[in-house]
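Read through the structure below, which is laid out as structure tokens, and then see the notes.
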Amino acid sequence: MKTKVTMTAALILTLGTGLTFADGHADSAIQAAIKARQGQMNINQLNVGALFGMAKGDIEYNAEAAQAAADNLVAMANLNGGAMWPQGSDASSVEGTRAKAEIWANFPDVFAKLGTMQETTAALAAVAGDGKEAMQAALGPVGAACNDCHKEYRSR
Amino acid sequence: MVALVRWSIFLLIAGLGAFYVLTMPRGVDEARFAGLTGDANRGASAFHAAGCASCHTAPKTDFSTEPVLEGGRQFPSDFGTFIAPNISPSTTQGIGGWSLVEFANAVKRGISPDGAHYYPVFPYTAYARMADQDIADLKAFIDALPASDTPSQAHDVGFPFSIRRTLGAWKILFAGTDWVLQDADTPELIRGRYLVEAQAHCAECHTPRNVLGGLKTDAWMTGAVVPGEGKVPGIDPTSLDWAEKDIAFYLETGFTPDFDSSGGAMVHVIENMSQLPAEDREAIAAYLKALAK
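Right, dumping it as structure tokens:
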């Protein structure tokens, strides 16, 4: 009886270690992809923050700075993200991400939402330098596009 | 031996009798609603603050100010999976034929028109604190929305939670109309408390629960783990150090002070909160800060 328990425990330990070891490489690739896309999101935050700061009046409106921020958002929305979203890099598979597995099961909808982000940022960049009011009006839809995708595909 | 059997039978019957009486549904005082007339325009505020559409629209429906409340969204829990019912004004599949008292019993007491207990996934424990006039206005607003004939689906709940009568006991333990924030001494705090505790039911996700699913009021708004949502952050002053204006801005736009955006179910909440007047969002922020005391 005792031997059996010991054997089972040893087997589980061996298998467990083997799996962890085998996963090591894939794991670091996935973590790198997660880091990269979070970096992309951080760049978005910085630029959205600058624009909202101006819209709210916390920072004085500056046409050049507004244009630069809007252009950055356009660039971010048009990156080819293929390498940043590998299978198995969702929150139910790994730690350190809030990306839901639903992303990988709903590509057409995810790309439609990305399309909205590309359109709204382009519309923003077209008017960001034309004064505070014009920028403000075009910023709302960009914020809504952020929330809209995060509603279905990111937790919290 | 015969005496023991007799006693056992007696105790069993007495126990069942006590269970029967204690778990009987107890409705609202009908007289209080007799003279009330609802106003659909006023009801919009209660509708958005209470977040009705976030649960009762079909899955993946976009936000609308005239939503179709056909039901169908699923809510996993430790007790089973609940499916939101059709509460559109359809007279066959929805709540179109309900009287104001029946509506009030559902929203404030969690009792169906035929006298069954609703599961507290429907946050009537919060709505119990709502003012009667708001209930009337809310009904008027919902009555004016589009009707849908989509049938409601049955919940997937296992024994013993499938016996709805047990919810009568649950209500005795966890339902009440007392405020959690006892000291609200300014009009803003009173409004904030009403929005948070009676309508927006923030605690349902942001407060941890005990093994029976009751909210731990002594850990109010300190964060919790919600099935399907994961870790929900604490929003009491110890957990969240944002300024009041940051909280109000977040509730309007969905952006945190460092411009991360909201995600998951909170996006629904933002959609609702952004419909309210700015003072209401400021009142909610003031309420959250007042939890420090």
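Protein chains in written order, with the numbering used here: chain C, 1 to 156; chain P, 1001 to 1293.
For each residue, glycine too, the CB sits at the ideal point set by N, CA and C.
Just so we're clear, the structure is a prediction, and the values are computed from it rather than from any experiment.
- In the three-state scheme derived from DSSP, where H, G and I count as helix and E and B as strand, Leu1215 (chain P) is classed as strand.
- Distance from Ala1219 (chain P) to Thr1207 (chain P) at the Cβ level is roughly 6 Å; contact confirmed, criterion being Cβ atoms closer than 8 Å.
- Counting the other Cβ atoms within 10 Å of the Cβ of Phe111 (chain C) gives fewer than 16, which makes it exposed.
- The beta carbon of Tyr1118 (chain P) is closer than 6 Å to those of Gly1110 in its chain, skipping five residues each way along the sequence.
- Per the C-alpha coordinates, the member of P:Pro1085, P:Ala1200, P:Ser1099 positioned closest to Pro1059 (chain P) is P:Pro1085.
- The distance from the Cβ of Pro1227 (chain P) to that of Ser1077 (chain P) is about 6 Å, consistent with a contact at the 8 Å cut-off.
- Non-local beta-carbon contacts of Glu1229 (chain P) in its own chain, meaning distances under 6 Å to residues more than five positions away in sequence, involve Gly1264, Ala1265 in chain order.
- Residues of chain P whose Cβ lies closer than 7 Å to the Cβ of Ala75 (chain C) do not exist, since the nearest Cβ in that chain is about 17 Å away.
- When Cβ pairs closer than 8 Å are counted between the two stretches, the segment 1095–1107 of chain P is seen not to touch the segment 1156–1176 of chain P, the count staying below three.
- With respect to chain P, the C-beta atom of Val127 (chain C) has no partner C-beta closer than 8 Å.
- With the rule of 3 Cβ pairs closer than 8 Å, the segment 1182–1199 of chain P does not count as touching the segment 1161–1171 of chain P.
- Legend: CB atoms of the segment 1031–1055 of chain P lying less than 7 Å from CB atoms of chain C are not found in any residue.
- Within the segment 1251–1266 of chain P, Thr1253, Gly1254, Phe1255, Asp1258, Phe1259, Asp1260, Ser1261, Ser1262, Gly1263, Gly1264, Met1266 place their CB atoms closer than 7 Å to a CB of chain C, listed in sequence order.
- Checking the DSSP bridge columns, you'll see Phe1082 (chain P) partnered with P:Phe1075.
- If you ignore the 5 residues before and after Gly53 (chain C), its C-beta comes within less than 7 Å of the C-beta of Ile59, all in its own chain and listed in chain order.
- Counting along the chain, Gly1230 (chain P) sits inside the beta strand (DSSP E) bounded by residues 1230–1232.
- In this structure Met84 (chain C) touches Ala33 (chain C) by the C-beta definition: roughly 5 Å separates them, less than 8 Å.
- Assigned with DSSP and collapsed to three states, Ile1111 (chain P) falls in strand.
- By the 16-neighbour rule on beta-carbons within 10 angstroms, Asn147 (chain C) is buried.
- The beta carbons of Ala1116 (chain P) and Arg1042 (chain P) sit no closer together than 8 Å.
- Looking at the DSSP output, Phe1255 (chain P) bridges to P:Ser1261.
- Inter-segment contact for the segment 92–108 of chain C and the segment 26–44 of chain C is present: three or more beta-carbon pairs are separated by less than 8 Å.
- When Cβ-Cβ separations below 8 Å define contact, Gly1230 (chain P) makes contact with chain C.
- About 43 Å separates the CB atoms of Ile1013 (chain P) and Leu1069 (chain P); that is not less than 8 Å, and the two are not in contact.
- Beta-bridge partners assigned by DSSP to Ala1224 (chain P): P:Val1232.
- The beta carbon of Arg37 (chain C) does not come within 8 Å of any beta carbon belonging to chain P, so the residue lies off that interface.
- In terms of Cβ geometry, Gly49 (chain C) and Phe1259 (chain P) form a close pair [threshold 8 Å].
- For Ile1163 (chain P), there are no C-beta contacts with chain C under 8 Å, since the nearest C-beta of that chain is about 32 Å from it.
- Gly140 (chain C): member of the alpha helix (DSSP H) spanning 132–153, first to last residue.
- By the beta-carbon neighbour count (other beta carbons within 10 angstroms, threshold 16), Pro1187 (chain P) is exposed.
- C:Asp71 is the residue among C:Gly39, C:Gln38, C:Asp71, C:Gln40 whose C-alpha sits nearest the C-alpha of Leu51 (chain C).
- For His1268 (chain P), the nearest beta carbon of chain C is closer than 8 Å to its own beta carbon.
- Measuring C-alpha to C-alpha distances from Thr1091 (chain P) to each of P:Ala1147, P:Tyr1124, P:Ile1135 identifies P:Ala1147 as the nearest.
- In chain order, Pro1257 place their CB closer than 7 Å to the CB of Asp1246 (chain P), counting only its own chain and leaving out the 5 sequence neighbours on each side.
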